[in-house]
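If you count the sequence shown from 1, you need to add 28 to reach the numbering used here.
Quick reminder that beta carbons are idealized off the backbone N, C-alpha and C, glycines included.
All values derive from a computational prediction rather than experimental measurement.
Input: a single structure, listed below in structure tokens.
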Amino acid sequence: MKRKQYEELLEELEHELVAMARWAKAHGERICVLFEGRDTAGKGGTIKAISQRINPRQLRVVALPKPSDVERTQWYFQRYVPHLPAAGEIVLFDRSWYNRAGVEKVMGFATDAQVTRFLHEVPTFEKLLVDDGIRLFKYWLSADQEAQEERFAERLEDPLKRWKLSPIDVASRTKFAEYSAAREAMFAATHTDYAPWTVVDYNDQKHGRLTLIRNLLDRLPDTRVEEEPLDWPELGHEPLSEDFSLIKPIEPFPLDD
29 MKRKQYEELL EELEHELVAM ARWAKAHGER ICVLFEGRDT AGKGGTIKAI
79 SQRINPRQLR VVALPKPSDV ERTQWYFQRY VPHLPAAGEI VLFDRSWYNR
129 AGVEKVMGFA TDAQVTRFLH EVPTFEKLLV DDGIRLFKYW LSADQEAQEE
179 RFAERLEDPL KRWKLSPIDV ASRTKFAEYS AAREAMFAAT HTDYAPWTVV
229 DYNDQKHGRL TLIRNLLDRL PDTRVEEEPL DWPELGHEPL SEDFSLIKPI
279 EPFPLDD
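If you want it as structure tokens, here you go:
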């Protein structure tokens with residue numbers, strides 16, 4: 029997809045996202061969106077596309093690091109619960125509790141017993157969230173290995189993206205089929221009527237973002253809430269300049285003539 033077309037279509041969706049956030053705040057809605065998928069699928073770019081126009085005091089992005097020694101001794105879901113949305117909030121999980129059914133399973137960070145217990149417990153956990161009024165959305169971003177390899181290569185060559193690569197990424201390249209099998213087992217155990225999975229094709233990331241955002245908006249109620257009127261009187265005088273006496277601004281960044 030061409031960037032110009034993408035940006036034009038995204039701008040239309042951004043207006044709807046801002047309206048959705050206004051609706052969520054006005055009605056005290058709690059919205060929780062999970063983004064899962066293969067490395068390089070496009071989770072970060074999608075989260076940025078959703079969040080960049082919404083008040084950051086209302087929308088939170090949660091991307092947890094690996095669990096600490098203390099967290100490893102806790103109930104598995106415990107570290108995620110404090111990040112769930114309060115009234116009027118939108119929370120986007122950049123990976124979530126489903127780490128246990130994906131990378132932890134495939135890379136051997138969790139035992140078979142732990143994975144089995146997780147798959148048994150997670151439908152109950154999510155039922156509690158939904159029954160309490162949280163609007164829970166679970167997205168799987170799908171990309172073929174050819175697209176994944178191209179994106180890994182781009183990250184390897186780009187100094188500004190190199191930080192995204194890790195030894196786990198190197199190891200995961202040989203386990204594409206194992207991740208597919210783990211995903212299918214996860215879907216079989218956790219795709220429920222009250223918390224279904226939605227799979228989005230991300231071989232074209234721009235098109236995937238538009239598809240996901242459109243789907244998310246369409247699954248929410250009518251989000252039209254009129255903006256509150258704001259009285260904005262005339263300033264009443266000529267605009268003032270900044271005036272410093274003790275500390276002066278630093279020299280501006282040099283620009284080419």
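What's the gap between the Cα of PRO195 and the Cα of THR218?
-> By one-based count along the sequence shown, residue 195 stands at place 167. By one-based count along the sequence shown, residue 218 stands at place 190. Computed Cα separation, rounded: 29 Å.
Put GLY65 into one of helix, strand or coil per three-state DSSP.
-> Numbered from its first residue, the sequence shown carries residue 65 at position 37. Three-state DSSP puts GLY65 in a strand.
For LYS166, which of helix, strand or coil comes out of DSSP?
-> As a working note, residue 166 is residue 138 in the sequence shown. Here LYS166 sits in strand by DSSP.
To which residues does DSSP link VAL46 through a beta bridge?
-> Reading the sequence shown from its first residue, position 18 is the one you call residue 46. For VAL46, which the question treats as bridged, DSSP gives no partner whatsoever.
GLU132 versus ARG100, VAL158, GLY72 and PRO187, residue with shortest Cα-Cα distance | The count along the sequence shown starts at 1 and reaches residue 132 at position 104. With distances taken between Cα atoms, GLU132 lies closest to ARG100.
So who's on the other strand from PHE121, going by DSSP bridges?
-> Start at 1 with the first residue of the sequence shown, and residue 121 comes out as number 93. Looking at the DSSP assignment, PHE121 forms a beta bridge with LEU62 and VAL90.
DSSP three-state call for VAL131: helix, strand or coil?
-> Taking the first residue of the sequence shown as 1, we reach residue 131 at position 103. Helix, per DSSP.
Pick helix, strand or coil for ASP229, following the three-state DSSP scheme.
-> Within the sequence shown, numbered from 1, the residue matching residue 229 stands at position 201. Reduced to three states, the DSSP call for ASP229 is strand.
With distances taken from CA atoms, which of LEU112, PHE137, ASP259 and ILE241 is nearest PRO95?
-> What you label residue 95 is simply residue 67 of the sequence shown in a count that begins at 1. If we check each option's Cα against that of PRO95, PHE137 comes out closest.
Candidates GLU57, GLU36 and LYS32, of which the one nearest THR315 by Cα | Beyond the ends of the chain as shown, which are 29 and 285, falls residue 315; an answer cannot be given.
For the putative contact between LEU169 and LYS71, defined by C-beta atoms under 8 Å, what is the C-beta separation to the nearest angstrom?
-> For this step, residue 169 is matched to residue 141 along the sequence shown. For this step, residue 71 is matched to residue 43 along the sequence shown. Contact holds; Cβ gap of about 6 Å.
Own chain residues within Cβ distance below 7 Å of ALA115, not counting five before or after | Within the sequence shown, numbered from 1, the residue matching residue 115 stands at position 87. Correct list, in chain order: GLY56 and ARG58.
Check whether the Cβ atoms of LEU120 and VAL98 sit closer than 8 Å, and answer yes or no.
-> Locating residue 120 in the sequence shown gives position 92, counting from the first residue. Locating residue 98 in the sequence shown gives position 70, counting from the first residue. The answer is no: Cβ separation not under 8 Å.
Report the option in GLN33, PRO110, ARG85 and ILE162 whose CA atom is closest to the CA atom of ALA223.
-> As a position in the sequence shown, residue 223 is number 195, starting the count at 1. Closest option to ALA223, Cα to Cα, is ILE162.
LYS76 lies in the alpha helix (DSSP H); which residues open and close that run?
-> The count along the sequence shown starts at 1 and reaches residue 76 at position 48. Where LYS76 is concerned, the enclosing alpha helix (DSSP H) stretches over 71-79.
With DSSP as the reference, label PRO195 as helix, strand or coil.
-> As a position in the sequence shown, residue 195 is number 167, starting the count at 1. PRO195 falls in the helix class under three-state DSSP.
Look at the alpha carbon of LYS32 and the alpha carbon of LEU240, and state the distance between them as a whole number of angstroms.
-> Your numbering for residue 32 matches position 4 in the sequence shown. Your numbering for residue 240 matches position 212 in the sequence shown. Taking the straight line joining both Cα atoms gives about 19 Å.
For GLN7, which option in PHE105, GLU44 and GLU270 has the closest C-alpha, if you only look at C-alpha atoms?
-> The structure shown does not extend to residue 7, since the chain is modelled only from 29 to 285, so the question has no answer here.
Closest to ILE78 by CA distance: which of SER208, MET214 and GLU44 is it?
-> Locating residue 78 in the sequence shown gives position 50, where the first residue counts as 1. It is GLU44.
Where the alpha helix (DSSP H) containing HIS148 begins and where it ends | Walking along the sequence shown from the start, residue 148 turns up at place 120. HIS148 -> alpha helix (DSSP H) spans 140-159.
Return helix, strand or coil for MET214, following the three-state DSSP convention.
-> The sequence position of residue 214 within the sequence shown is 186, counting from 1. Here MET214 sits in helix by DSSP.
For the putative contact between ARG201 and LEU41, defined by C-beta atoms under 8 Å, what is the C-beta separation to the nearest angstrom?
-> As a first step, residue 201 is located in the sequence shown; it is residue number 173 there, counting from the start. As a first step, residue 41 is located in the sequence shown; it is residue number 13 there, counting from the start. The Cβ separation is near 33 Å, so there is no contact.
If we count the other Cβ atoms within 10 Å of its Cβ and call it buried at 16 or more, is GLY264 buried or exposed?
-> Residue numbering aside, residue 264 sits at position 236 when the sequence shown is read from its first letter. Per the 10 Å Cβ criterion, exposed.
Could you check how far apart the C-beta atoms of GLN86 and ALA49 are, in whole angstroms? I think they sit under 8 Å.
-> Residue mapping note: residue 86 aligns to position 58 of the sequence shown, counting from 1. Residue mapping note: residue 49 aligns to position 21 of the sequence shown, counting from 1. Yes, GLN86 and ALA49 are in contact; Cβ-Cβ is about 6 Å, under 8 Å.
Take VAL61 and list the residues in its own chain whose beta-carbon comes closer than 6 Å to its own, dropping the five residues that flank it on each side.
-> Taking the sequence shown and counting its residues from 1, the one referred to as residue 61 is at position 33. The answer, listed in chain order, is LEU120 and PHE165.
Delimiting residues of the alpha helix (DSSP H) encompassing ARG201 = Numbered from 1 along the sequence shown, position 173 holds the residue referred to as residue 201. Counting along the chain, ARG201 falls outside any alpha helix (DSSP H), and DSSP gives it neither H nor E.
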